[in-house]
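Asks: Take 24 as the starting number for the sequence shown in the working numbering and just add one per residue.
Where is the CB? At the ideal position from N, CA and C, for every residue including glycine.
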Amino acid sequence: MKVIQLKNPESLPPNIYRQDQATHLKICKYEEEIYRPGQYHEKPGYFIVYTAKCFKQDRIYIEIPNWPGQEFKIEGKNYDELRNIKTTTKPLADDVAEIIGQFLIDNGYVEGKLVD
(Lines of atoms letter the chains of each structure in order from A and count residues from 1; the text may use other names and numbers.)
(Lines give C-alpha, C1' and ligand atoms only; values in the text may rest on other atoms or scores of the structure.)
Protein backbone atom coordinates (compact mmCIF):
# COMPACT_ATOMS: atom_id res chain seq x y z
CA MET A 1 0.00 0.00 0.00
CA LYS A 2 1.26 3.48 -0.84
CA VAL A 3 2.07 5.99 1.90
CA ILE A 4 3.21 9.61 1.68
CA GLN A 5 6.84 10.21 2.54
CA LEU A 6 6.91 13.70 4.05
CA LYS A 7 9.24 16.22 2.45
CA ASN A 8 9.83 17.76 5.89
CA PRO A 9 9.64 15.13 8.65
CA GLU A 10 7.91 16.30 11.81
CA SER A 11 9.99 16.29 14.99
CA LEU A 12 8.26 14.76 17.96
CA PRO A 13 8.61 15.92 21.56
CA PRO A 14 10.98 13.82 23.70
CA ASN A 15 9.58 10.60 25.16
CA ILE A 16 6.48 10.48 22.91
CA TYR A 17 7.64 7.27 21.31
CA ARG A 18 10.82 5.40 20.51
CA GLN A 19 11.15 7.35 17.27
CA ASP A 20 11.96 11.07 17.26
CA GLN A 21 10.39 11.95 13.88
CA ALA A 22 7.19 11.31 11.96
CA THR A 23 8.45 10.63 8.44
CA HIS A 24 5.35 9.33 6.64
CA LEU A 25 1.56 9.75 6.45
CA LYS A 26 -0.60 6.67 6.06
CA ILE A 27 -4.14 7.06 4.72
CA CYS A 28 -6.31 5.35 7.33
CA LYS A 29 -9.84 6.29 6.40
CA TYR A 30 -11.85 8.47 4.09
CA GLU A 31 -15.47 9.53 4.07
CA GLU A 32 -17.45 10.89 1.18
CA GLU A 33 -20.63 12.93 1.26
CA ILE A 34 -22.03 12.65 -2.26
CA TYR A 35 -23.21 15.86 -3.96
CA ARG A 36 -27.00 15.81 -4.04
CA PRO A 37 -28.52 18.54 -6.20
CA GLY A 38 -32.23 19.13 -6.41
CA GLN A 39 -32.92 18.27 -2.78
CA TYR A 40 -34.91 20.59 -0.52
CA HIS A 41 -31.59 21.38 1.15
CA GLU A 42 -28.98 20.95 -1.57
CA LYS A 43 -25.98 19.15 -0.10
CA PRO A 44 -22.52 19.82 -1.52
CA GLY A 45 -20.18 16.89 -1.88
CA TYR A 46 -16.89 16.48 -0.06
CA PHE A 47 -14.28 13.98 1.06
CA ILE A 48 -12.65 13.90 4.47
CA VAL A 49 -9.33 12.02 4.50
CA TYR A 50 -7.88 10.86 7.82
CA THR A 51 -4.17 10.06 8.05
CA ALA A 52 -1.86 8.68 10.73
CA LYS A 53 1.69 9.89 11.22
CA CYS A 54 4.16 7.06 11.12
CA PHE A 55 7.76 6.05 10.51
CA LYS A 56 9.37 3.20 8.61
CA GLN A 57 11.14 0.44 10.48
CA ASP A 58 12.59 -2.30 8.32
CA ARG A 59 9.82 -2.56 5.69
CA ILE A 60 6.89 -1.74 7.96
CA TYR A 61 5.22 1.62 8.55
CA ILE A 62 4.52 1.97 12.27
CA GLU A 63 1.86 4.44 13.36
CA ILE A 64 2.87 6.70 16.24
CA PRO A 65 0.42 6.08 19.09
CA ASN A 66 -1.11 8.98 21.01
CA TRP A 67 0.03 11.45 18.36
CA PRO A 68 -2.52 13.13 16.09
CA GLY A 69 -2.50 12.49 12.38
CA GLN A 70 -3.77 14.99 9.84
CA GLU A 71 -7.28 15.45 8.51
CA PHE A 72 -7.96 16.92 5.07
CA LYS A 73 -11.33 18.14 3.77
CA ILE A 74 -11.57 18.12 -0.01
CA GLU A 75 -14.51 20.08 -1.42
CA GLY A 76 -15.63 22.28 -4.29
CA LYS A 77 -13.63 22.01 -7.51
CA ASN A 78 -11.13 19.63 -5.88
CA TYR A 79 -13.98 17.29 -4.87
CA ASP A 80 -15.16 17.12 -8.49
CA GLU A 81 -11.62 16.51 -9.72
CA LEU A 82 -10.99 13.69 -7.23
CA ARG A 83 -14.32 12.01 -8.03
CA ASN A 84 -13.45 11.92 -11.73
CA ILE A 85 -10.02 10.26 -11.43
CA LYS A 86 -10.02 6.96 -13.30
CA THR A 87 -9.12 3.81 -11.39
CA THR A 88 -6.98 0.88 -12.47
CA THR A 89 -7.26 -2.86 -11.92
CA LYS A 90 -5.30 -2.88 -8.66
CA PRO A 91 -6.94 -4.05 -5.43
CA LEU A 92 -9.40 -1.39 -4.26
CA ALA A 93 -7.54 -0.51 -1.03
CA ASP A 94 -4.26 0.02 -2.90
CA ASP A 95 -5.94 2.02 -5.65
CA VAL A 96 -7.80 4.31 -3.24
CA ALA A 97 -4.70 4.97 -1.11
CA GLU A 98 -2.62 5.76 -4.20
CA ILE A 99 -5.24 8.01 -5.82
CA ILE A 100 -5.98 9.99 -2.66
CA GLY A 101 -2.32 10.21 -1.65
CA GLN A 102 -1.23 11.51 -5.05
CA PHE A 103 -4.15 13.95 -5.10
CA LEU A 104 -3.16 15.38 -1.69
CA ILE A 105 0.40 15.90 -2.95
CA ASP A 106 -0.56 17.32 -6.37
CA ASN A 107 -3.02 19.82 -4.89
CA GLY A 108 -0.75 21.13 -2.14
CA TYR A 109 -2.47 19.59 0.87
CA VAL A 110 0.82 17.94 1.89
CA GLU A 111 4.43 18.07 0.66
CA GLY A 112 6.06 14.76 -0.10
CA LYS A 113 6.01 11.82 -2.48
CA LEU A 114 4.27 8.45 -2.67
CA VAL A 115 6.33 5.43 -1.71
CA ASP A 116 5.64 1.71 -1.18
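Can you tell me whether Asn130 is helix, strand or coil according to DSSP?
Replies: Reading the sequence shown from its first residue, position 107 is the one you call residue 130. Coil.
Asks: Could you please give me the residues that DSSP links to Arg59 through a beta bridge?
Replies: Translated into positions along the sequence shown, residue 59 becomes position 36. Partner(s): Lys66.
Asks: Relative to the C-alpha of Gly68, which candidate in Thr112, Gly99, Asn89 has its C-alpha closest?
Replies: Looking up residue 68 in the sequence shown gives position 45. Minimum Cα distance to Gly68 is reached at Gly99.
Asks: How about Leu35 and Cys77: do their beta carbons lie closer than 9 Å?
Replies: Within the sequence shown, the letter at position 12 stands for residue 35. Within the sequence shown, the letter at position 54 stands for residue 77. Going by C-beta atoms, Leu35 is not nearer than 9 Å to Cys77.
Asks: Which same chain residues, not among the five before or five after Lys113, have their C-beta less than 8 Å away from its C-beta?
Replies: Working through the sequence shown from its first residue, we reach residue 113 at position 90. Taken in chain order, the residues that qualify are Glu121.
Asks: Going by DSSP in three states, Tyr73 sits in which element: helix, strand or coil?
Replies: As a working note, residue 73 is residue 50 in the sequence shown. Of the three classes helix, strand and coil, the one that applies to Tyr73 here is strand, per DSSP.
Asks: Which partner residues of Gly135 appear in the DSSP bridge assignment?
Replies: Residue numbering aside, residue 135 sits at position 112 when the sequence shown is read from its first letter. In the DSSP output, where bridge partners are listed per residue, Gly135 has Leu29.
Asks: Would DSSP call Tyr102 helix, strand or coil?
Replies: Along the sequence shown, read from residue 1 onward, the residue named residue 102 stands at position 79. The answer is helix: DSSP assigns Tyr102 an H, G or I state.
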